[in-house]
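Chains as they are written, first to last, in this note's numbering: chain F, 194 to 440; chain U, 1258 to 1457.
Note that the Cβ used here is the ideal one computed from N, Cα and C, for glycine as well.
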Amino acid sequence: MLKTRIIPVLTFNGISLVKTKQFNSPRIVGNPIQAARVYNNRDVDEIIFLDIKAKEQKRKLNLPMVKKIIDECFMPISIGGGVETFEDINNFLRIGADKVIIKSKAIEDPIFVSKAVDYFGSQCISISVDVIQVNGKYFIFNKKNNIPLETFIQEMNNCKVGEYAVNSVNRDGMMQGYDLDLYKTVNQLTTIPVIAIGGAGTPEHFVKLCQSGFKGALAAASIFHFTQHTPQEIKRTLDFVKIPVRI
Amino acid sequence: MIAIIDYGMGNLASVEKALTFLNIDSIITNDEKMINKASHIILPGVGSFEQGMTNLKELNLIEILNREVIKNKKPFIGICLGMQLIMENGSEPKLCKGLGWIKGDVKLIENNKLPVPHLGWNRVYKKEFEFEEDKLNDNYYFIHSYHVIPKENVIETYVDYEFPMVASIRRGNIFATQFHPEKSQKAGLKLLENYFKSYA
Chain F
194 MLKTRIIPVL
204 TFNGISLVKT
214 KQFNSPRIVG
224 NPIQAARVYN
234 NRDVDEIIFL
244 DIKAKEQKRK
254 LNLPMVKKII
264 DECFMPISIG
274 GGVETFEDIN
284 NFLRIGADKV
294 IIKSKAIEDP
304 IFVSKAVDYF
314 GSQCISISVD
324 VIQVNGKYFI
334 FNKKNNIPLE
344 TFIQEMNNCK
354 VGEYAVNSVN
364 RDGMMQGYDL
374 DLYKTVNQLT
384 TIPVIAIGGA
394 GTPEHFVKLC
404 QSGFKGALAA
414 ASIFHFTQHT
424 PQEIKRTLDF
434 VKIPVRI
Chain U
1258 MIAIIDYGMG
1268 NLASVEKALT
1278 FLNIDSIITN
1288 DEKMINKASH
1298 IILPGVGSFE
1308 QGMTNLKELN
1318 LIEILNREVI
1328 KNKKPFIGIC
1338 LGMQLIMENG
1348 SEPKLCKGLG
1358 WIKGDVKLIE
1368 NNKLPVPHLG
1378 WNRVYKKEFE
1388 FEEDKLNDNY
1398 YFIHSYHVIP
1408 KENVIETYVD
1418 YEFPMVASIR
1428 RGNIFATQFH
1438 PEKSQKAGLK
1448 LLENYFKSYA
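If you want it as structure tokens, here you go:
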């Protein structure tokens, strides 16, 4: 049986690891290479590394540094941040990324995504879907918050992307639990693998999302930065309630 | 020296990194002399079957691989797409011929209940209908939308994805895995280490 993946997320500002709250007020939480080493030693299922400032600061990902992170990892690693061109994707793959995460460019230019899938294969093209809840409805987080989640997911489904990393902006860094309704909605919109991100603060939050019927992987950052809980401990908690995990 | 075949299909650096970690010499190459000299050949790769065959053809690798692996019986590991390409026929994105070393086809995973691609960690089994879960450390990382259906007796392990899907095959000097040992943490590194130890 396929195991439920538990994935630490490392968000980077160009200099150090940071953790945001509701996509604001980044707090410095350490060194990315050290963190990757620790996660590799802890035998985690997978890692996501995102440069969350690349686009805003109009710069490219620091490839030599990301390569150092990848070199620490003997598990799959997804890399995102400022992807604009095929060359960017190629650069990430060449230094050993397994999946390339595209965000802003996917909103601006779905045809780019479609072409990237044809060229590189769907298995290595992941889409970061940042979702904000406005008046009880889900929208893609951008300056206008005017693209309904459903519209965007359907568009990306048509592009045959390989995976969605769905972040709840409202829950980001709050450590109050995942948005169960959001992931229920996403599961209804697609059959492509989904990673849930945003809100986990205790091992019970992971259990709750799994028991809500969610099909996909569970990712988190704050819980690993700010508490004693480790991915392994979360998996033991899930195993205890008979949710299949790799221990 | 182990030749990791460079044919423009995906993550070769991870295979090299895993071998380096195990203190095994390797080189990423598509040069005939290097492949001839190598003690083993690894064909990794992710992406589409047809593109994979096109690239092998354009780099004149088909003839070299046929000679080294089939005629000279050089030990060979195929990983993911590298496993699929050694079959007779692929279907991604349309029907096309593979290397044809193993009789059988590569087909899209048809599964109404579970997502395709089959992505993540899954346990491999020795027998087709042995599905009971245990705590053995034999979970490996998979990422694929197509699977191999051999027409000869070569299946070594299966993986359960609502049906028993082929996880690895072995015949003489040919060994191939649908999963990625180089991405499968300690379990994958152990598998590679044991494989190369058996040739030491």
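Cβ-based burial, residue i [other Cβ within 10 Å; buried from 16]
i          : result
Ile304(F)  : exposed
Phe1420(U) : exposed
Arg198(F)  : buried
Ser1296(U) : exposed
Thr1414(U) : buried
Val362(F)  : buried
Arg287(F)  : exposed
Asp302(F)  : exposed
Gly391(F)  : buried
Arg220(F)  : exposed
Gly1335(U) : buried
Glu1409(U) : exposed
Glu1273(U) : buried
Below-8 Å beta-carbon distance, residue i vs any chain A residue
i         : result
Ile294(F) : Looking for chain A here will not work: the only protein chains present are F and U.
Cβ separation of residue i and residue j, assumed to be a contact under 8 Å, to the nearest whole Å
i          : j          : result
Met1310(U) : Gly1361(U) : Rounded, the Cβ-Cβ distance is 16 Å, inconsistent with contact.
Cys352(F)  : Val324(F)  : That belief does not hold up - the Cβ atoms of Cys352(F) and Val324(F) are roughly 18 Å apart, past 8 Å.
Gly1302(U) : Gly1339(U) : 5 Å
Ser271(F)  : Lys296(F)  : The Cβ separation is near 12 Å, so there is no contact.
Val322(F)  : Asn360(F)  : 7 Å
Ile333(F)  : Tyr357(F)  : 12 Å between Cβ atoms; not a contact.
Gln1442(U) : Asp236(F)  : 5 Å
His418(F)  : Val222(F)  : 5 Å
Tyr1418(U) : Leu195(F)  : 7 Å
Gly289(F)  : Asn1268(U) : 6 Å
Cβ pair residue i, residue j closer than 8 Å
i          : j          : result
Tyr1398(U) : Phe1436(U) : yes
Ile282(F)  : Ser319(F)  : no
Phe267(F)  : Ala1433(U) : no
Glu1345(U) : Tyr1403(U) : no
Ser1283(U) : Met1266(U) : no
Gln316(F)  : Pro1438(U) : no
Asp1263(U) : Ile1285(U) : yes
Leu402(F)  : Leu431(F)  : no
Lys261(F)  : Ile208(F)  : no
Thr204(F)  : Leu243(F)  : yes
Lys298(F)  : Val327(F)  : no
Val202(F)  : Ala393(F)  : no
Ala247(F)  : Ile240(F)  : no
Leu382(F)  : Glu343(F)  : yes
Gly1304(U) : Gly314(F)  : yes
Partner residues on chain U for residue i, Cβ-Cβ distance less than 7 Å
i         : result
Gly355(F) : Pro1374
Lys196(F) : Gly1377, Trp1378, Asn1379 and Asn1396
Gly457(F) : The structure shown does not extend to residue 457(F), since chain F is modelled only from 194 to 440, so the question has no answer here.
Gly314(F) : Val1303, Gly1304 and Ser1305
Arg439(F) : Trp1378 and Asn1396
Contact list for residue i against chain F, beta-carbon separation under 9 Å
i          : result
Lys1443(U) : Asp236 and Phe267
Leu1446(U) : Phe267
Lys1360(U) : Chain F residues near Lys1360(U): none, gap ~26 Å exceeds 9 Å.
Lys1330(U) : Near Lys1330(U) there are no residues of chain F at all, since even the closest Cβ is about 30 Å away, more than 9 Å.
Tyr1418(U) : Met194 and Leu195
CA-to-CA distance, residue j to residue i, given in whole angstroms
i          : j          : result
Lys377(F)  : Asp1288(U) : 51 Å
Leu1371(U) : Arg1380(U) : 16 Å
Asp238(F)  : Leu1279(U) : 20 Å
Asp1395(U) : Gln1308(U) : 31 Å
Ala1270(U) : Glu265(F)  : 13 Å
Ile1426(U) : Asn217(F)  : 50 Å
Asn1329(U) : Leu1316(U) : 20 Å
Val1423(U) : Lys435(F)  : 26 Å
Gly409(F)  : Lys1384(U) : 27 Å
Ser415(F)  : Lys1351(U) : 45 Å
Gln425(F)  : Phe1306(U) : 36 Å
Glu1325(U) : Glu1367(U) : 35 Å
Thr1277(U) : Ile1261(U) : 12 Å
Thr278(F)  : Lys1447(U) : 37 Å
Pro269(F)  : Lys1440(U) : 6 Å
Under 8 Å from the C-beta of residue i: neighbouring residues of chain F
i          : result
Val1363(U) : Ordered by position in chain F, no residue passes the 8 Å Cβ test against Val1363(U), which lies about 14 Å from the chain.
Ala1424(U) : Within 8 Å Cβ-Cβ: nothing; Ala1424(U) doesn't reach chain F, min ~12 Å.
Asp1282(U) : Within 8 Å Cβ-Cβ: nothing; Asp1282(U) doesn't reach chain F, min ~18 Å.
Lys1440(U) : Phe267, Met268, Pro269 and Asp291
Tyr1415(U) : None at all; the shortest Cβ gap to chain F is about 12 Å.
Within chain U, partners of residue i - CB distance below 8 Å
i         : result
Pro386(F) : Pro1372, Pro1374, Leu1376 and Gly1377
Ala410(F) : Gly1377
Asp264(F) : Lys1274
Cys403(F) : Within 8 Å Cβ-Cβ: nothing; Cys403(F) doesn't reach chain U, min ~14 Å.
Under 7 Å from the C-beta of residue i: neighbouring residues of chain F
i          : result
Asn1268(U) : Leu286, Gly289 and Asp291
Ser1271(U) : Gly289
Neighbouring residues, chain U, relative to residue i (Cβ below 9 Å)
i         : result
Cys317(F) : Gly1267, Asn1268, Val1303, Gly1304 and Ile1400
The ligand FMN heavy atom lying under 7 Å from the CB of residue i
i          : result
Glu1349(U) : The ligand FMN is not part of the structure shown, which contains no ligands of any sort.
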